[in-house]
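> Here you go, one structure.
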Amino acid sequence: MFYRENGQFKTTYKADQQAFVIPQDRWAIVALVAFAFLGVPLLVDEYMFRAILVPFLILSLAALGVNILVGYCGQITLGAGASMAVGAYAAYNFMIRVDGMPALAAILLGGLMAALAGIVFGAPSLRVRGLYLAVATLAAQFFWDWAFLRIKWFTNNSSSGSVSVADINLFGWTINSPTDKYLFCLGVLVAFSVMAKNLLRGNMGRQWMAIRDMDVAATVIGIRPMYAKLTAFAVSSFYLGVAGALWGFVNLGSWEPAAFSIDRSFQLLFMVIIGGLGAISGSFFGAAFIVILPIFLNQMLPLVGSLFGLEVSIALVSHVEIIIFGTLIVFFLIVEPHGIARLWATGREKLRLWPFPH
Amino acid sequence: MKLRKLAVTASLAAIGLSAALTAPATYAAEEQFFPVLAYRTGAYAPNGAPWANGYVDYLKLTNARGGVNGVKIIFEECETGYATDRGVECYERLKGKHGGATVVQPLSTGITFALTEKAPVDKIPLVTAGYGRSESQDGSVFGWNFPLIGTYWMAADVLVQHIAKKEGGFDKLKGKKIALVYHDSPYGKEPIALLQERAKMHGFEVSLLPVAHPGVEQKATWLQIRQNKPDYVFLWGWGVMNSTSLKEAQATGYPREKMYGVWWAGAEPDVKDVGDGAKGYNALAMQHGAEQGSKVVKEVLEKVHAKGQGTGPKDEVGQVLYMRGLISAMLSVEGMRAAQARYGKGKRITGEQMRWGLENIVLDQKTLDGMGFGGVMRPVQTSCLDHMGSAWARIHTWDGKKWNFTSDWYQGDEKVLRPMVISTAGKYAEEKKIVRRTAEDCKK
Amino acid sequence: MAFFLETLLGGLMSGMLYSLVALGFVLIFKASGVFNFAQGAMVLFAALAMARFSEWIPGWLGIESLFVANVLAFAVAVVIMFVVAWLIERLALRHLVNQEGATLLMATLGIAYVLDGIGQTIFGSAIYKIDVGMPKEPVMMLESVFEGGILINKEDFIAALIAALLVISLSIFFQKTATGRALRAVADDHQAAQSIGIPLDRIWVIVWCVAGITALVAGIIWGSKLGVQFSLSTIALRALPVVILGGLTSVPGAIIGGLIIGVGEKLSEVYLGPFVGGGIEIWFAYMLALVFLLFRPQGLFGEKIIDRV
């Protein structure tokens, strides 16, 4: 009823090719973003910001990066955490080694370094494919894990190997309160999402998708696989690098390589697969699911236990938590292998017809 | 159909979630909240669990003794899995509960690093008894960190002193080779700075052998040890890495008598399933060892475990890591007592008051004896500038069945430690633009 | 020279142990196209079952003999692994037939979480001991040839022998029995196999059972060496480069790959490590595998990948 597109006619190509073709979508997105910027800071408390919203925003950005590579270009990666680490440490080094470096510039440069590293470690994708490539990307993961632990220069000779940064300053705006952090991350995420949306429906995105669907066929119609695959690696790593820098600068403040371990890589891959491969919204759904679910389970289970008069030990809680988490993942993959984004899409189709489905 | 079900489940879950997250914070005035960051699962559970049991048991004991001047302690555990990001989440989750946390013990050097930035903002002291960053002993820069009764620099210093004594003096150390087998994390790297400093002083050689998390793959490490034949091996491991090291030492025939572990590598879970293979292995005791015979342990058994309120298995009470948890809790509770003595007995204290209390802990031998810690530890006295309070340690050795003390007491050498602490803390202060606290500030 | 040989032998023997874990990957991938990330969790689960039952059984039945307790525990662990295998196939993978590789991989990661959780809930998360009487002390060999002799770890040597035995018996099973032939047929072509009357579901259950047994054997060997604890599940990550180097579909590949990786990483750690700060073996293994892959993208013995448009 509310979601009818009858009577909306496109009279120009431009109107037909815009990012959100249906006005309702467009307004919904604008309203959502406006709410996120203006409404949310008034509603939630500090814990919500620090423990859930900021991690969610940053990991959404990272998941977006993984989705570009895995969902749009079809190259499975298990080295996403490594790209984040490169971004974080590169940004750190720019920050401390260059006097007066603005934080935002350092973060973006960190992303750029991650992109370079991504190109180097993405190069084998020209030769190695599928699951072999997935395992091969672990080489990057373990290499960078090692490098940031071992090579003192990267950590500015910190004796513990842990590095930390002061609060970020952005054109006179010092980002230290949880609300500031939230707004800053949200701003970055919105900007990068718009960029991704446009990149993916343009020439480059189409090339990636052609490679994903069948790389030999794509080559036959004149797409250079080297160019397409390496740009996908570069762009994806750029996103991941920026996310990594934010994770270090904004979320953690001080970190060690373990913050970007292989578990992080798995987590990101989970996000895009649960969320939906090849859908930008999927990255957000997936990130929300993976960030919130464990915390939710962890807090709900003792409550559930106390309903039955049981005192649940934290060991049992975290065991049950990973059991339920794993089960839900398998369950989701069985019920909807294309992820939450597909569920959303199906729901939208139904809404368009509602309440007269026939 | 499917969709509707999912939508309903999702919205229910969302409601539940918001309910769980916004649970109202209720607290009574006579209660003090202690969050417990612990890990009972994952790769480090065998060592994390006994510590947490000891910690919680002491809090229960304090309540059984009638609280601190009548103020009961409430606590809540949160599982960190030894992972930094989960630890930070736990901290954020617990810090505001029950009227606010007043002391946090992260039990992980990594989490300590992350929280060092947050603690001054939230005004919650971090007690890191026997771990954390060594330079945080300098209370004038690290106002909120309390590495009570032991830092890793002190630990390494004592180990060097011990082998110097064995060799017959510091001058005999010249040309000796020491291998440091360490957990490749901020924790394992802490002692390196001190060992290198001491190596320069006495002319011995330190070789560094990192072991990647979780530490089950050490074959190459021990092959290198076999090749280099170091005179001593220092073991800076945690969790399953410790027992693996001992097994590999056995498999490569390195004498266990020449191996010295830090106090986190010298507990029952590390040696128990190696059994005879670990015979002769030495480890540092952070003052205490396994103390099944001590009065406080008997009191715990009687007042907590006999009532069926014990946190862990009964036979674990008094083991090394259990005692470490117990003592960590005791120090925090004593900090709280000191704060109450100044700010009002029988009243809730704030984080800032707690800090004052922790900076003014005075535990002489008589007080310790009175609390049942006689023979377990030595007197502790903290101050605004010295957040460690005591630099004593000794060595204990595994005889295949239990840990026995095999050395006298040693004290970390102030002449070596102090300049390092001051200069490293100074560097940190410069980086973070922290102004050192003055004597004036300390009185507040 | 003696030290070089020692490192080499050490590498070969850990390589053998890696290939034991890698075998589990290969078996399942060959028959069902699932890249089973839960193999590490299965190893842990099996080892936990074995360790705990050998501890519990003497108490329950009043048996004194360690040997009998171990045999009984082994039998129980085998049954448990069969049940686990059957449940995994029945509840999860059967519903995921024809999904993409990445989806299946993620599903097995989900299964790994579930197994880790259940295993630790039932059996506990402390360090447990598997005592099957493996000798722990080293022996010296060839002392007449080299000064100081070559140190051989007896335990590793026996473990390598067991691994070799397991591989031989698996090869016989695959080559000579009717089930083995059916398994190979399924591996070659699902549809063709089904059309001549081979029941796919049952074959998959069998494959998972066999993988469960290899997990158990790997779990016992690693567990008796290192103690049974959660960290055991991370050895799967050490076995991954072995799998891709040898080829995802090749049993001999897993063995040769294991040996190459084992030797490569130990040599690199011992001879290269000290110059760059140590701790390089894990990424070196992956890099080594990657270098091989650049020349043979399907691994050393994998089936050639043929592209058709």
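Protein chains in written order, with this note's numbering: chain A, 216 to 573; chain B, 1128 to 1571; chain C, 71 to 379. Ideal Cβ positions, reconstructed from N, Cα and C, are used throughout, including at glycine.
1) So A/Ala330 packs on A/Phe453, CB below 8 Å; how close in whole Å?
2) Which residues of the region 190-202 of chain C have a Cβ closer than 7 Å to any Cβ of chain B? Give them in chain order.
3) Residue ranges of each beta strand (DSSP E) run of no fewer than 3 residues wholly in the region 206-272 of chain C, ordered along the chain?
4) Just how far apart, CA to CA, sit C/Glu134 and B/Ser1372?
5) Quick check on B/Gly1302 - is its C-beta less than 9 Å from some C-beta in chain A?
6) How about the region 526-545 of chain A and the region 170-180 of chain C: do they share at least three Cβ pairs that are nearer than 8 Å?
7) What would DSSP say about B/Lys1187, mapped onto helix, strand or coil?
8) Per DSSP, what are the beta-bridge partners of B/Phe1160 in this structure?
9) Check whether the Cβ atoms of B/Asn1196 and B/Gly1437 lie closer than 9 Å to each other.
10) What residues in its chain sit with their C-beta under 7 Å from that of B/Val1447, if we drop five residues either side in the sequence?
11) Given B/Ala1152, which residues of its chain have a CB within under 8 Å of its CB, disregarding the five upstream and five downstream residues?
12) To be precise: take each residue of the region 84-110 of chain C, compare its Cβ to all Cβ atoms of chain B, and keep it if any distance is under 7 Å. Which residues remain?
13) Which residues in chain A have a C-beta closer than 7 Å to the C-beta of B/Glu1219? List them in chain order.
14) Go ahead and pull the three-state DSSP assignment for B/His1523.
15) Contact criterion: CB-CB distance below 9 Å. Does B/Thr1348 meet it with respect to chain C?
16) For chain B, find out if any of its Cβ atoms is closer than 9 Å to the Cβ of A/Val313; answer yes or no.
17) Do we get a CB-CB distance below 9 Å when we pair A/Gln514 with the residues of chain B?
18) By DSSP, does B/Asn1487 sit in helix, in strand, or in coil?
19) Closer than 6 Å by C-beta to A/Ala295: which residues in its own chain qualify, once you throw out the five before and the five after it? Chain order, please.
20) Shorter than 9 Å from the beta carbon of B/Leu1148 to some beta carbon of chain A?
21) Does any CB atom of chain A fall closer than 9 Å to the CB of B/Met1128?
22) Do A/Tyr304 and A/Val378 come within 9 Å of each other at the CB atom, strictly closer than that value?
23) In angstroms with no decimal places, state the Cα-to-Cα distance between A/Leu346 and A/Ala355.
24) Pop quiz: C/Thr284 and C/Gly94 are said to be a contact at Cβ under 8 Å. What is the actual Cβ separation, rounded to whole angstroms?
25) What does A/Gly345 reach in chain C if we use C-beta pairs closer than 7 Å?
26) Report the CB separation of A/Tyr287 from A/Trp423 in whole angstroms; it is logged as a contact under 8 Å.
27) Report all residues from its chain with a CB closer than 7 Å to the CB of C/Ile314; omit the five preceding and five following residues, and keep chain order.
28) Say whether chain B places a C-beta atom closer than 9 Å to the C-beta of C/Ser301.
29) Strictly by DSSP, which residues pair up with A/Trp470?
30) For the beta strand (DSSP E) containing B/Leu1300, name the first residue and the last one.
31) Check each residue of the region 327-339 of chain A: if its Cβ is closer than 7 Å to any Cβ of chain C, include it; give the result in chain order.
32) Just checking: is the beta-carbon of B/Gln1480 within a distance shorter than 9 Å of some beta-carbon in chain C?
33) From the beta carbon of B/Val1389, is the nearest beta carbon of chain A less than 9 Å away?
34) Please return the same chain residues whose Cβ sits closer than 8 Å to the Cβ of B/Ala1566, not counting the five positions on each side in sequence.
35) Go through its chain and collect everything with a Cβ distance to B/Cys1569's Cβ below 6 Å, but skip five positions before and after it.
36) Who are the neighbours of C/Pro208 on chain B, taking C-beta pairs under 9 Å?
If we stick to the structure as given:
1) 4 Å
2) Gln190, Ser195, Ala196, Ile197, Lys199
3) For the region 206-272 of chain C, whole beta strand (DSSP E) runs of length 3 or above, ordered along the chain, are 208-211, 220-223.
4) 31 Å
5) no
6) These segments touch.
7) B/Lys1187: helix per DSSP, three-state reduction.
8) B/Ile1201, B/Ala1228
9) no
10) Gly1393, Ala1394, Glu1395, Gly1416, Ala1417, Trp1530
11) Note that B/Ala1152 scores 45 on pLDDT, short of 50, meaning its location in the model is unreliable and no value can be drawn from it.
12) Ser84
13) Within 7 Å of the CB of B/Glu1219, the CB atoms of chain A belong to Tyr262, Arg265, Ala266, in sequence order along the chain.
14) strand
15) yes
16) no
17) For A/Gln514, the nearest CB of chain B lies under 9 Å from its own CB, placing it at the interface with that chain.
18) coil
19) Val281, Leu455, Ser480, Leu483
20) Note that B/Leu1148 scores 47 on pLDDT, short of 50, meaning its location in the model is unreliable and no value can be drawn from it.
21) Residue confidence is low: B/Met1128 scores 41 on pLDDT, short of 50, so the model does not pin down where it sits. No coordinate-derived value is stated.
22) Less than 9 Å divides the Cβ of A/Val378 from the Cβ of A/Tyr304.
23) About 15 Å.
24) So it is a contact: roughly 5 Å between Cβ atoms.
25) Gly171
26) About 5 Å separates the CB atoms of A/Tyr287 and A/Trp423; that is less than 8 Å, so the two are in contact.
27) Ala359, Leu363, Gly369
28) Yes, because at least one Cβ of chain B sits closer than 9 Å to the Cβ of C/Ser301.
29) A/Val378
30) Going by DSSP, B/Leu1300 is part of no beta strand (DSSP E) at all; its letter is neither H nor E.
31) Pro339
32) no
33) no
34) Cys1511
35) Cys1511
36) From the beta-carbon of C/Pro208, the residues of chain B found nearer than 9 Å are Gln1377, Ala1378, Thr1379, Gly1380.
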